[in-house]
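Data first, discussion second: the structure below is written as structure tokens.
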Amino acid sequence: MAEAQAKGVSVVPESVLKKQKRNEEWAMKKKVEIAALKKKNAENRKVIYNRAKQYAKEYEEQQKELIKLKREARLKGGFYVNPEAKLLFIIRIRGINAIDPKTRKILQLLRLRQIFNGVFLKVNKATLNMLHRVEPYVTYGFPNLKSVKELIYKRGYGKLNHRRIALTDNSIIEQALGKYGIICIEDLIHEIMTVGPHFKEANNFLWPFKLKAPLGGLKKKRNHYVEGGDAGNREDYINELIRRMN
2 MAEAQAKGVS VVPESVLKKQ KRNEEWAMKK KVEIAALKKK NAENRKVIYN
52 RAKQYAKEYE EQQKELIKLK REARLKGGFY VNPEAKLLFI IRIRGINAID
102 PKTRKILQLL RLRQIFNGVF LKVNKATLNM LHRVEPYVTY GFPNLKSVKE
152 LIYKRGYGKL NHRRIALTDN SIIEQALGKY GIICIEDLIH EIMTVGPHFK
202 EANNFLWPFK LKAPLGGLKK KRNHYVEGGD AGNREDYINE LIRRMN
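The letter at position 146 of the sequence shown is residue 147 when you use the numbering used here, and the numbering goes up by one with no holes.
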């Protein structure tokens, strides 16, 4: 080294050479990862587009079938009764004043911890019994496709690593629900709307919806919907309330 310095040749320390080599390796590794990610995203885009197309066709066919059945029933002089709904949307409409411990616990189990929080639920005996107990504090009904789409697109947040994350990218959904075959927001909407086999996982991934106070206000919180109030089951009329609160 002393000889090299005497001749006037600049010597690069070994640690600097190691660092340069390490940085080059990292850059190469990152380049390969970015290329693989781009390729995967391109493939995913095709799959997502085809699935969205398939779902749109499915929804359209269901609508046509419903219209056809209604027309047939009318021609025979009867009327068509819609099949029993599988999906509920529940909104909490009252606060914490004068609430008994059991009701508070049920509202916590339903993930309705704040006023104007909303969640999806599967219709079964257990959920209906729970709703009957907390009926004065909530309003619920059967959401349609438009309502489900609007809620998830506008107010949808996911739970990833115990954090509330806005659904701004399909990669967030894929990261959490990819193992169940749910890779995009259209898959998520379809799973919720049809109450599919992985409804529980998809619904748990969705953070409770934080809705605004309804436009035009509520009529009378303390009375049941059938008595001209707001609480309890309002069946298909929940969609009108969702429009005002979304």
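For every residue, glycine included, the Cβ atom is placed at its ideal position computed from N, Cα and C. No experiment lies behind these values; they were computed from the predicted model shown.
Under 9 Å between C-beta atoms of Arg114 and Pro215: Working through the sequence shown from its first residue, we reach residue 114 at position 113. Working through the sequence shown from its first residue, we reach residue 215 at position 214. Cβ distance not < 9 Å, so Arg114 and Pro215 don't count as in contact.
Inter-residue Cα distance where the pair is Glu73 and Lys150: Position 72 of the sequence shown, counted from the first residue, corresponds to residue 73. Position 149 of the sequence shown, counted from the first residue, corresponds to residue 150. Using only the alpha carbons, I get a separation of about 30 Å.
Beta-carbon contacts of Lys87 that lie in its chain and below 7 Å, excluding the five residues immediately before and after: Taking the sequence shown and counting its residues from 1, the one referred to as residue 87 is at position 86. Counting only Cβ-Cβ distances below 7 Å, and skipping sequence neighbours, we find Lys123, Val124 and Val196.
Nearest-angstrom Cβ-Cβ length linking Gly218 and Asn224, presumed shorter than 8 Å: In the sequence shown, counting from the first residue as 1, residue 218 sits at position 217. In the sequence shown, counting from the first residue as 1, residue 224 sits at position 223. Gly218 to Asn224, Cβ: 14 Å. No contact.
Buried or exposed (CB count within 10 angstroms, at least 16 for buried), Phe80: Sequence index remark: in the sequence shown, residue 80 carries index 79 (1-based). Exposed is the call here.
Nearest to Asn171 (by Cα), restricted to the options Val12, Val13, Ile49 and Lys32: Here residue 171 is taken as the residue at index 170 of the sequence shown, counted from 1. Selection Val12, Val13, Ile49 and Lys32 evaluated against Asn171 yields Ile49 as nearest (Cα-Cα).
Identified DSSP bridge partners for Gly142: Sequence index remark: in the sequence shown, residue 142 carries index 141 (1-based). Phe90, per the DSSP bridge assignment.
Length of the line joining the Cα atoms of Met246 and Gly157: Start at 1 with the first residue of the sequence shown, and residue 246 comes out as number 245. Start at 1 with the first residue of the sequence shown, and residue 157 comes out as number 156. Looking at the backbone, the Cα of Met246 and that of Gly157 are separated by about 14 Å.
Among Thr104, Asn145, Ile190 and Thr169, the one whose alpha carbon lies nearest that of His133: Counting from one through the sequence shown, the residue named residue 133 turns up at place 132. Nearest to His133 by alpha-carbon distance, out of Thr104, Asn145, Ile190 and Thr169, is Thr104.
Inter-residue spacing [alpha-carbon to alpha-carbon] between Ser148 and Met29: For this step, residue 148 is matched to residue 147 along the sequence shown. For this step, residue 29 is matched to residue 28 along the sequence shown. Looking at the two C-alpha atoms, the distance is approximately 47 Å.
Buried or exposed (CB count within 10 angstroms, at least 16 for buried), Asn162: The sequence position of residue 162 within the sequence shown is 161, counting from 1. Classified as exposed, Asn162 has fewer than 16 neighbouring CB atoms from the shown chains inside 10 Å of its CB.
Distance between beta carbons of Arg93 and Asn130, contact taken as under 8 Å: Start at 1 with the first residue of the sequence shown, and residue 130 comes out as number 129. Start at 1 with the first residue of the sequence shown, and residue 93 comes out as number 92. So it is not a contact: roughly 18 Å between Cβ atoms.
Inter-stretch contact (C-beta, 8 Å, three-pair minimum) for the region 199-207 and the region 168-184: Segments in contact, yes.
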